[in-house]
Structure formats: structure tokens, C-alpha cells
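The block underneath contains the structure these notes are about, expressed in C-alpha cells.
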Amino acid sequence: MNKEPWELLILDGRPGSAVVGDVDGDGKLEIIRQDQWYRPATSESGPIPGGIVLGGVGVTAGDVDGDGFAEVVGGVRNEEGAEVWTMYWCKPRKNLSEPWERHVIHTHQVGHPHDQLVVDIDGDGRNELLVVGMYCKTPGMYIYKPGPDVTRPWEQYVVHQGSEGPWGLGPDGADGTAAADLDGDGKIEVVSGPYLYTCPPEGPLSGPWTRVHLAVGLREMCKVALLDVTGNGRPDVIIAESEYPDCQVYWFENRTVEDPDSPWAEHRLDAGFVFIHSLDAWRGSDGEANVFLAEMNQGGWDAPYNHDARLVVYTTRDRGATWERREIYQGYGTFQATVHDVDGDGEVEIVGHPAITGGGLHIWKRQESPSFPLRYRHRFLDRGKPWVATDILAVDVDGDGRQDVVCGGFWYRNPTWERHQIPGIYQVINAYDLDGDGQQELIATKASDREIPVDPEVEPDLPGGYLGMFRPLYNRLTSEMYWLKPIDPLKGEWQRYPIGESTAGAGSHSWPHGTCVAPVLPGGQLAFIAQGSGPLEIYAVPGDAASLRRPWPKREFTEAAGGATAMVPYDLTGNGKLDLVAGCIWLENLGDGTFRPHEIVRRFDGDESPEGLRGGEFCIADVNGNGRMDVVACEEHVVWHEQPRHVEYARLVWFENPGDPCQGPWKMHVIDQVRSPHSLAVADLDGDGQPEIVCGEHDPFHPYRSRCRVYIYKKADPHGQAWTRHVVDDRFSSHVGTRLIELEPGRIGIISHSWLEYHYLHLWEPH
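One gets this note's numbering by counting positions in the sequence shown from 1 and adding 295 to each.
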């Protein structure tokens, strides 16, 4: 995926814009979001009580009050109208986690303040604010100048004001803005989009300014950077088209002194990019000139998703005569990314965040050696599995000491992986040594031959006959459960005994979604627990062989209904009794066969909420290393009832154990946002004593072209705030997959399967 040893570090998985600057004057750069600050040089971070105001694009940092270090400048839409924005500047106290001061700059009447620059535009030694407003009827460019009291509203001056163009910008509202003295006359010029603005003779505040077309071959939506490429002491101009699927990149050699009649020599740097919305330039430690650009995951105006978004650096050591191009990362894009040495190690990093899809605060950093040392090779364990599976398990089926793979109604023997059908059942949902003989038995559901009619109002068919293709397979799912004892599984010899009919997964084409087996009953008696859309069910596993072969006693707990797709037994309270982590709740074991539910997070099925979580997969791990088990979760987000049907980005999170889990609250930490993740596992994969997270994306609507990915996340700080993301594969959807299997002692692989491409069974093995 990535072309150079650059790694993607996710500092914060939540959506939102960010800005970089030394806001407290300690000589170290901070990254500021709406309600959080980060200092990468020291791995410190903290909340900003009450938050500050940051707009989506027009966010900047600069010294607005003359104290020598940066304040944050942003804007918020006024409730009175879409074209009215209130711009603010925000200043921290000495302790960044105390409430910040916020002062109004101006109520901006001309649309979204898309570009903002803090610059001394009139040469009086104090900074002004340059703003480009767009997405409105009168887009334009404006200067805001503070008075003697910088905390009072600032005066507005016109640089350029025009009429509405396409998308509320057009030729009178170009975006992408930079400012500097380009011709050495002591006056500031501005480049915005493909245009060059020079101030009138009476001064920059006497506007309007003169505008000329600098990049005549480029469209209005652009990104702009300034850098002295040629070494003549004057900035050259780099311009990249930003909001197009066929972007071009040019640099314009500054010849304003050498050839005033032809002051800008045009040079094409590259072309063929998709939605560039990041451009920056800097001079390296060896004097070389560098230009950075990056594509977005997805541009505006219903653009298709860019699965192969690139980050590219161009370097010249001969004053622009030749350029070396390096793709430093591929497979994930960014928005408004800029180049900084944020950690103070003398090398630049790239800081950005996604634009439309996903979310998070991202840092790309060059690494001499990868933080996660393992690499994985994919192989198909099966290319013709006959039917869809609901689960995949690693189980030693034949008792030879090696874990095999069980999926659907089949098992695959390690290491040859030949497929063997398990007779009389349809779906294996769990495995445990039920009779204590030292070998695991399987728990499974029986197939049904029923036919469930399609209700076109509830389940309108998808293009290509999606429901028609899956109806015969989907109809066979049941909640009639059995346990199976292997006698000679290589010859297909098994003994099958009934457990009972589960109401947790009962109903049309359904099944128990979350199950576990654990000694949670009084006296340490073993229980099989099943959860689906109905109440939690606890089956007491009989201790004698005769009773074990008859249906097991069952109790239901309606207060624990919730649809968990995973359950994990663990003694959270430390009282010697196993509790149950069951999705968005955990169940306190009261010791008498009953359980008290406690909320980890509110479960919801509507729009995303920072306090709630959709149902999905759950695991436990000590994420922050404090000796307490935390909960790791991912949420599925499949949109069935809109056209076209699609999957949305959803969160991968971990919930911090509060110490007293009965009291809570469990603080949510967002690791990342990926496409409808519905597969999860946690383990120490590389042997360093720290847990890694394996997560798989899920897309049931695009067979053979979903471009879903399997990720491994590794902690980048002890507290679990930052994570590096490593792509294992980018071809296959996973549905309740990405389980771990010990292929041989100490060698852990990843197994997975898909709902739509059910005939494939996957193994990623380390090599």
C-alpha cells in the first residue's frame, strides 16, 4: 500500500477539523481540535472545557494579539442564515485544559470563511486576518483589521467582491489562498485560486485590489503554496486544482524582477490526480525544495470513493530544473493536510483529517523501521464453500493439538486445510469442552427447509437479485440448537444431541447472534448463554452424561435484552465470579444464577451520537495497561432502506474501565472510523506485551468490488490515545470475521469470511 516507510498514526478518531501552532509559547507545537489539544513532542493531551469554535475549512493559527505566539482563528455559522458566519479568535490560558478566551472578530456576511490567513498585510507590525468567503451570492475576499483593543470586533475592508458563480464560488470566489511579498517591493500580494491580487497604490485597505489571471489553464477551485524554488530570494507559486477528478499541478517561476513583461514562467509539475485538497511546500535540511500534495478519500458533490488516494512529495535539488516524485503513502487520503515537525525530532510530519467520509486526526510520519513488524500473506482456505456462514471459529476439531477452522457447516484441517462437512447441522456458533474429556465439542444450529416469502415493502430486492440469490440460504437459518461430539471427524462421524430452541434468535431467518460458554452459575456450574434480538438466555449445562444428552434447562432474562453479537466472560468486579460483557452492557454475576445489567454505553440504531453506539462486535483487553480490563468495540452501519443501499463509516472504539465498573461511566475513546466494521479481535500479535486490534470492514452490497480492508491497530502511546494503522489486505469484506488462530505455537494468523462472497474462506498468515 504505502510506497515509502511512512506510517499512518491516528491521534483522534473523531470527525472534525484541526489546526497546528504553538499556542502556549513553550516552543512545542500543539494540535488543536474543538474540544481537545495534543502535544506530540511530549505525548501530552487534554480537554478544552466547553470547546472552542473551529470551522470546517477556514481554520488557522497566528499571533493576533502581538504576544509572540499563536492564537486559533475559526468561525461558526450563524443561526440566522446560511451565509452569515461569526468569526472568532481563541486564546488558551497557561494551563491549556482550562477554559479558553474567545473573542469575536466579525460577523461575516458573505458566506463560508473558506480560507483564512493571519498576516501583516499593511506592514504596520500587527497582523490582520485575510478571509475568502464563498458558497454565497456575493463571494469575495476581505481584510479584517483589529483596533487598539484586539478583543473588540475588527473592521472589514474589501479586497475583491463579485457575483455568484457555480457552487457559490466561480471566478469571483476562488479558493486556495496564500500571501507574501512576491516582487520584493515591500508590499504583500495574494494568490487565491488561479488569480493574483495586488494592492492599490493608496494601500491595502483602500481596495478593491487589482486581479490578474496567473494560472490561465487552471479552474477556480485550487490549493496554493508559496516557496522560493529557484533560490532567487522571491517566492515562486505552486497551484494544484483541488475539487476535480482530473487535477493538474503547476508551479510558476517568479521572474518579476528579471522579466517584468513576462513575470511568471509556467511549468507543469504533474497531472492525473483525484481531488487534491492538500498542498504545502518547504525547504529541507539539505536546501532542497519540497512540494507535498495529497488526494482526498472522497471529493464533494457526490464524487465516488477514492480507495487508492495518494500522498506524494516532489523534490528538486537543481532549482526546479528536474523533480523527483515519491509516493509516500497510498490507500488513504486526507483533507487540508499541512507539513510540520510536530514532535520536534527534526523531520517533518504531515497532519490532516478526512473531508467527507470517515473522521479522525491523522499524522503521517516517516519510520526507519515499522512499528508493527509482522507482514501477512493471504491464502484462500476455500474457494467454493457451499453456503453462507454466520460465524468462524478456531477449534482443535480432531484432537491433534492444532487449531483447525470451523465455518458454517464445515471444518478445515490444519495444516492442509481440506474441507470436511459436519453432518446434520447448518451453522456452528460456538465450541467448548462440555463433557470435560479434554476435547472441544461444537454447538450448532440445524438447517430448516422452510420458505419465507419476500415482503417487497420490507425487503425490496437489490440490483442483481441480491435477495433472490440469498433467499434459499437465508431461509435455512434457525435457532434450533444442538451440541456435537466428534467421534471420527475425518470420517464424518459425530454424535448430535439437542440443546433446545432458542427464542433469543427465533423468528424469520434468524439465529442466536452472540453466545458463550462459561462457569457462571452457582458452584461454578457451566452455562451456555445465548443472545439475539430477544432476552438473554442461560442454559444450565448438565454435569452428568445422561442429562447432557437431553435438552438443557433454560432461563430467560428480559432485563438483559439487547442484541449483542458477542459475549465475553470475565470477572470485572474482582469478587471471584465471572461476569459477562454482552455488547453495550455488562452483566454483574450476583452468584445465585441471576445477573444485574450495567450500561457500558447507550445502544441506539439511529443517527450517530457521541454518547451512543450501534450494535457490533466486542472484545476485552487491558488497553491502557493499568491492570483493568477495558472493552473494545466496533459498530456495523449498513443502510438498507435508502437508495442506493450502502454502508456508512462507523467507529472503532475502546471503553475505559472506570475502576468501579458498577458505578461507571466507561469513557469512550474513538480509535478510528472505517466502513461499517463488523469483525474484531484483540491479542498481542507481535509479542511485545501490548494488545493489538484486528478489525475488518463489511459491505454486503458490492460483491467483488467492495475494496474492504482488514486493519491492525497498534498503540502509539501508553494510554491508548494514538494508534498506528496497518493494512493487512484491501480486497475482501469481513462479516463477524477476523478471528485469530494459532497456526502453530507462537504463530498467530487471521481467519475471516464474508456474507456476500460466502464461497471464500480467508487466512492471513505471518511471514
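Every residue, glycine too, gets a C-beta built ideally from N, C-alpha and C.
| Item | Value |
| --- | --- |
| Residue nearest to lysine 432 in terms of C-alpha spacing, selected from Gly457, Val445 and Thr381 | Gly457 |
| With 16 other Cβ atoms within 10 Å as the buried cut-off, status of glutamate 302 | buried |
| Segment contact, 8 angstroms Cβ cut-off, at least three pairs: the stretch 932-952 with the stretch 960-970 | yes |
| Sequence-distant residues of its chain with Cβ nearer than 7 angstroms to glutamine 698 (five each side left out) | Ala689, Val690, Asp691, Asn709, Ile1036 and Glu1037 |
| Spatial distance of glutamine 331 from threonine 355 (CA atoms) | 16 angstroms |
| Beta strand (DSSP E) segment containing serine 573, residue limits | 571-578 |
| Cβ contact (3+ pairs, closer than 8 angstroms) linking the stretch 964-982 and the stretch 1040-1060 | yes |
| Inter-residue spacing [alpha-carbon to alpha-carbon] between aspartate 994 and cysteine 1003 | 7 angstroms |
| Given 8 angstroms, three or more beta-carbon pairs between the stretch 609-617 and the stretch 628-636 | no |
| The stretch 532-545 contacting the stretch 566-574, beta-carbon criterion three pairs below 8 angstroms | yes |
| Cβ distance (whole Å) where isoleucine 533 is taken to contact proline 489 below 8 angstroms | Their Cβ separation, rounded to whole angstroms, is 12 angstroms, which puts isoleucine 533 and proline 489 out of contact at 8 angstroms. |
| Beta carbon of tyrosine 721 nearer than 9 angstroms to that of threonine 798 | no |
| Spatial distance of glutamine 938 from arginine 397 (CA atoms) | 43 angstroms |
| Straight-line gap, aspartate 360 to histidine 1062 (C-alpha atoms, nearest Å) | 56 angstroms |
| Check whether glycine 316 and phenylalanine 364 have beta carbons under 9 angstroms apart | yes |
| Exposure of lysine 780, with buried meaning 16 or more beta-carbon neighbours within 10 Å | buried |
| Coarse secondary structure for leucine 265, derived from DSSP in three states | The structure shown does not extend to residue 265, since the chain spans only 296 to 1062, so no value can be given for it. |
| The stretch 1023-1030 contacting the stretch 639-646, beta-carbon criterion three pairs below 8 angstroms | no |
| CA-to-CA distance, alanine 520 to asparagine 585, given in whole angstroms | 11 angstroms |
| Exposure label - threonine 505; buried when at least 16 CB within 10 Å | exposed |
| Simplified DSSP state of serine 501, which is helix, strand or coil | helix |
| Collapsed DSSP secondary structure at leucine 669 in the structure displayed | coil |
| DSSP beta-bridge partners of histidine 407 | Met429 |
| In DSSP terms, what isoleucine 915 is bridged to | Val926 |
| Reference histidine 403; option with closest CA among Pro665, Tyr437 and Gly984 | Tyr437 |
| Beta-carbon proximity list for phenylalanine 705, same chain, < 6 angstroms, skipping 5 on both sides | Arg714 and Gln716 |
| Reference glycine 308, options Gly647, Gly567, Pro496 and Val608, closest by Cα | Gly647 |
| C-alpha distance - valine 426 paired with glutamate 987, whole-angstrom precision | 44 angstroms |
| Closest residue to isoleucine 416 among Pro448, Arg447 and Leu477 (Cα-Cα distance) | Leu477 |
| The beta strand (DSSP E) enclosing alanine 877, as first and last residue numbers | 874-877 |
| Cβ pair tryptophan 682, arginine 791 closer than 9 angstroms | no |
| Residue environment, glutamate 644, which counts as buried when at least 16 other CB atoms sit within 10 Å | buried |
| Pick from Pro956, Ser805, Val836 and Arg845 that is closest to alanine 813, judged by C-alpha positions | Val836 |
| Enclosing alpha helix (DSSP H) for leucine 843 [first to last residue] | 840-843 |
| Given valine 368 as reference, the closest of Val511, Glu590 and Ile400 once Cα atoms are compared | Ile400 |
| Backbone secondary structure at proline 555 - three-state DSSP | coil |
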